[in-house]
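*Asks:*
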Ligand SMILES: [Zn+2]
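In the numbering used here, the protein residues as written are 1249 to 1617.
(1) In three-state terms, what does DSSP make of residue 1434?
(2) For residue 1361, does the count of other Cβ atoms within 10 angstroms reach 16, so buried, or fall short, so exposed?
(3) In three-state DSSP terms, what is residue 1280?
(4) Quick one: is the Cβ of residue 1547 within less than 7 Å of any heavy atom of ligand 1?
(5) Give the range of the beta strand (DSSP E) segment to which residue 1466 is assigned.
(6) In three-state DSSP terms, what is residue 1482?
(7) Among 1433, 1480 and 1471, which one has its Cα closest to the Cα of residue 1495?
(8) Please identify the residue among 1322, 1274, 1280 and 1310 whose C-alpha is closest to the C-alpha of residue 1266.
(9) Would you say the beta carbon of residue 1499 is closer than 7 Å to some non-hydrogen atom of ligand 1?
(10) Below 8 Å between beta carbons: does that hold for residue 1282 and residue 1273?
(11) Excluding sequence positions up to five away, which residues of its chain have a Cβ less than 6 Å from the Cβ of residue 1448?
(12) With burial defined as no fewer than 16 other Cβ atoms inside 10 Å of the residue's Cβ, what is the status of residue 1493: buried or exposed?
(13) Label residue 1398 either buried or exposed according to how many other C-beta atoms from any shown protein chain fall within 10 Å of its C-beta, with 16 as the threshold for buried.
(14) Note the first and the last residue of the continuous beta strand (DSSP E) segment covering residue 1449.
(15) In chain order, what are the residue ranges of uninterrupted alpha helix (DSSP H) at least 4 long that sit wholly in the region 1351-1402?
(16) Can you tell me whether residue 1302 is helix, strand or coil according to DSSP?
(17) Report buried or exposed for residue 1545, applying the criterion of at least 16 other Cβ atoms within 10 angstroms of its Cβ.
(18) Could you give the C-beta distance for residue 1383 and residue 1511, rounded to a whole number, given that I count them as a contact under 8 Å?
(19) Ordered along the chain, which non-local residues of its own chain (more than five positions away) have a Cβ less than 7 Å from that of residue 1303?
(20) Residue 1365: buried (16+ other C-beta within 10 angstroms of its C-beta) or exposed?
(21) Is residue 1288 helix, strand or coil by DSSP?
(22) Between residue 1547 and the rest of its own chain, which residues show a CB-CB distance below 6 Å, the 5 nearest in sequence each way excluded?
(23) Is it the case that the Cβ atoms of residue 1487 and residue 1472 are separated by a distance below 8 Å?
(24) Within its chain, find whatever has a CB closer than 7 Å to the CB of residue 1269; leave out the 5 residues flanking it on each side and keep chain order.
(25) Out of 1474, 1438 and 1392, which has the shortest C-alpha to C-alpha gap to residue 1464?
(26) By alpha-carbon positions, which one of 1570, 1567, 1561 and 1613 ends up nearest to residue 1428?
(27) Within 8 Å, do at least three Cβ pairs link the region 1469-1483 to the region 1407-1415?
(28) To test your reading of the DSSP string, which unbroken beta strand (DSSP E) runs of 3 or more residues are found completely within the region 1316-1341?
(29) Should residue 1298 go down as buried or exposed, given a rule of 16 or more other Cβ atoms within 10 Å for buried?
(30) Kindly indicate if chain C contains any beta-carbon less than 8 Å away from that of residue 1462.
(31) Could you tell me the distance, in whole angstroms, from the CA atom of residue 1438 to the CA atom of residue 1456?
(32) For residue 1421, report the span of its alpha helix (DSSP H) as first-last.
(33) So what does DSSP say about residue 1272, is it helix, strand or coil?
(34) To the nearest angstrom, how far is it from the Cα of residue 1514 to the Cα of residue 1568?
(35) Can you tell me where the beta strand (DSSP E) holding residue 1649 begins and where it ends?
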């Protein structure tokens, strides 16, 4: 505690300053302050921590020349020995409020920043998917159908052409598809109340491909049917691919993507203010890819479960996927893809095809819930 220091006390009753010795003592809520008059024989006055308007802390570079401490009904204290005041306050163990320490201490600033970033990461990791699930439930099927119709019209006007598959063949595959769709049991549904009508359409104009539009429309290209024929695979291969696409529909992946990006942008906007535009654009690309990889796994899990339920093998589908990749990369089926594809895989929405194919052959995709 030490000897204390001298200061001038304006007690509020007399206009003259009184010469006092100031001492600080540690207390429960913070230091107390004692004024011991040096000019008269008056008794010392001790003020509890809350009776004193403690001046804000200052940085070492900007020490004020003198200090006025408000003592409420007891007037005020003028301190010329600012260093003495500071030492006494520190010695009596007063800790500044967080907002003050933020201004003076980088370590605290750093901790607060790290906590804020962790909060943001947690929001991204758990908050966004959770919010997206809740919101996706509210999106009406009619909206999805509307979006799909317009998307397919656009595609028909640009990339896609009418299918050249014989009617008979289309009808055959559609019958297999309808039988598969009938096996979508309630326990396979992520959204129990979501029951879109599943339809299959054929198109050409693209390579081997199949995709799901929100609301239940699934499109398969002639190229996919031809790829299966080239590899002399049974139609179970194509049915497996369709099961995967039904998985995308039943998980409402396209709608979730739209909703997730929206939630994320709004969330980042709230958290980051003006910086949000740049950060969220970068974030959208990366998170979009991360979500899509998760969606592919979910669709594979769904396909495995649905095929098992329908009593169909998933191995032919695995062979078809390997064959398509081999066609695309010019490698033998199952061979390691060319140099440069390892980082491409990072940016690809599909997990590495060989691993996927192995899982599908085992009938056990990793990471299924
Ligand atoms: Zn997929």
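Where a beta carbon is used, it is the ideal one built from N, C-alpha and C, also for glycine.
The model shown is predicted, which means the values in this text are computed figures rather than measured ones.
*Replies:* Straight from the coordinates:
(1) To locate residue 1434, count along the chain shown from 1; it is residue 186. In the three-state reduction of the DSSP assignment, residue 1434 falls in the helix class, which pools H, G and I.
(2) Here residue 1361 refers to the residue found at position 113 of the chain shown. With a 10 Å radius around the Cβ and a threshold of 16 neighbouring Cβ atoms, residue 1361 comes out exposed.
(3) Taking the chain shown and counting its residues from 1, the one referred to as residue 1280 is at position 32. DSSP places residue 1280 in strand when its eight states are reduced to three.
(4) By one-based count along the chain shown, residue 1547 stands at place 299. Indeed, a heavy atom of ligand 1 lies less than 7 Å from the Cβ.
(5) By one-based count along the chain shown, residue 1466 stands at place 218. Its beta strand (DSSP E) spans residues 1465-1469.
(6) Translated into the one-based positions of the chain shown, residue 1482 becomes position 234. Under the three-state reduction of DSSP, residue 1482 is assigned to coil, being neither helix nor strand.
(7) Working through the chain shown from its first residue, we reach residue 1495 at position 247. Nearest in C-alpha terms to residue 1495, of all of 1433, 1480 and 1471, is 1433.
(8) One-based indexing of the chain shown puts residue 1266 at position 18. Residue 1266 has its Cα closest to that of 1322, out of 1322, 1274, 1280 and 1310.
(9) Taking the chain shown and counting its residues from 1, one reaches residue 1499 at position 251. No, Cβ of residue 1499 sits at least 7 Å from all heavy atoms of ligand 1.
(10) In the chain shown, the residue the question calls residue 1282 occupies position 34. In the chain shown, the residue the question calls residue 1273 occupies position 25. For the pair residue 1282 and residue 1273, the CB atoms are nearer than the 8 Å cut-off.
(11) Walking along the chain shown from the start, residue 1448 turns up at place 200. Around residue 1448, the same chain offers 1422, 1425 and 1466 as residues with beta carbons nearer than 6 Å, after the five sequence neighbours per side are excluded.
(12) Against the chain shown, residue 1493 aligns to sequence position 245. Under a 10 Å Cβ-count criterion, residue 1493 is classified as buried, with 16 or more other Cβ atoms of the shown protein chains found around its own Cβ.
(13) Looking up residue 1398 in the chain shown gives position 150. By the neighbour-count rule (16 or more Cβ atoms within 10 Å), residue 1398 is not buried but exposed.
(14) To locate residue 1449, count along the chain shown from 1; it is residue 201. Where residue 1449 is concerned, the enclosing beta strand (DSSP E) stretches over 1447-1452.
(15) Complete alpha helix (DSSP H) runs here, min 4: 1354-1370 and 1376-1386.
(16) As a working mapping, residue 1302 is identified with position 54 in the chain shown. In the structure shown, residue 1302 sits in coil (DSSP, three-state: anything other than H, G, I, E or B).
(17) Translated into positions along the chain shown, residue 1545 becomes position 297. Classification of residue 1545: buried, given that the 10 Å Cβ count is 16 or more.
(18) Within the chain shown, the letter at position 135 stands for residue 1383. Within the chain shown, the letter at position 263 stands for residue 1511. With a beta-carbon spacing of about 7 Å, residue 1383 and residue 1511 fall inside the 8 Å limit used to define contacts.
(19) Residue 1303 sits at position 55 when you count from the first residue of the chain shown. Cβ-Cβ distances below 7 Å link residue 1303 to 1315 and 1317 in the same chain, with the five nearest sequence neighbours on each side left out; the list follows chain order.
(20) As a first step, residue 1365 must be located in the chain shown, where it is residue number 117. So residue 1365 counts as exposed.
(21) As a working note, residue 1288 is residue 40 in the chain shown. Of the three classes helix, strand and coil, the one that applies to residue 1288 here is coil, per DSSP.
(22) In the chain shown, residue 1547 corresponds to position 299, counting from 1. Close CB contacts of residue 1547 within its chain, under the 6 Å cut and outside five residues either way in sequence, are with 1492, 1495 and 1496 (chain order).
(23) Here residue 1487 corresponds to residue number 239 of the chain shown, with the count starting at 1. Here residue 1472 corresponds to residue number 224 of the chain shown, with the count starting at 1. With respect to residue 1472, residue 1487 sits apart: the two C-beta atoms are not nearer than 8 Å.
(24) The residue given as residue 1269 occupies position 21 in the chain shown. In the same chain as residue 1269, and ignoring 5 residues on each side of it, the C-beta atoms closer than 7 Å to its own belong to 1252, 1254, 1284 and 1286, in chain order.
(25) In the chain shown, residue 1464 corresponds to position 216, counting from 1. When each option's Cα is compared against that of residue 1464, the closest is 1392.
(26) Along the chain shown, one-based indexing puts residue 1428 at 180. Scanning 1570, 1567, 1561 and 1613 for the CA closest to the CA of residue 1428 turns up 1561.
(27) Result yes; three or more Cβ-Cβ pairs closer than 8 Å.
(28) Correct list: 1324-1327.
(29) Counted from its first residue, the chain shown places residue 1298 at position 50. Classification of residue 1298: exposed, given that the 10 Å Cβ count is below 16.
(30) Judged by its chain identifiers, the structure shown contains no chain C, having just a single protein chain.
(31) Locating residue 1438 in the chain shown gives position 190, counting from the first residue. Locating residue 1456 in the chain shown gives position 208, counting from the first residue. Across the structure, residue 1438 and residue 1456 are spaced so that their CA atoms are roughly 28 Å apart.
(32) Taking the chain shown and counting its residues from 1, one reaches residue 1421 at position 173. Residues 1415-1429.
(33) On the chain shown, residue 1272 is found 24 positions in, with the first residue counted as 1. Residue state, collapsed to three classes: strand.
(34) Here the question's residue 1514 lines up with position 266 in the chain shown. Here the question's residue 1568 lines up with position 320 in the chain shown. Near 41 Å, if we compare the C-alpha coordinates of residue 1568 and residue 1514.
(35) Here the chain has residues from 1249 to 1617 only, and residue 1649 is not among them.
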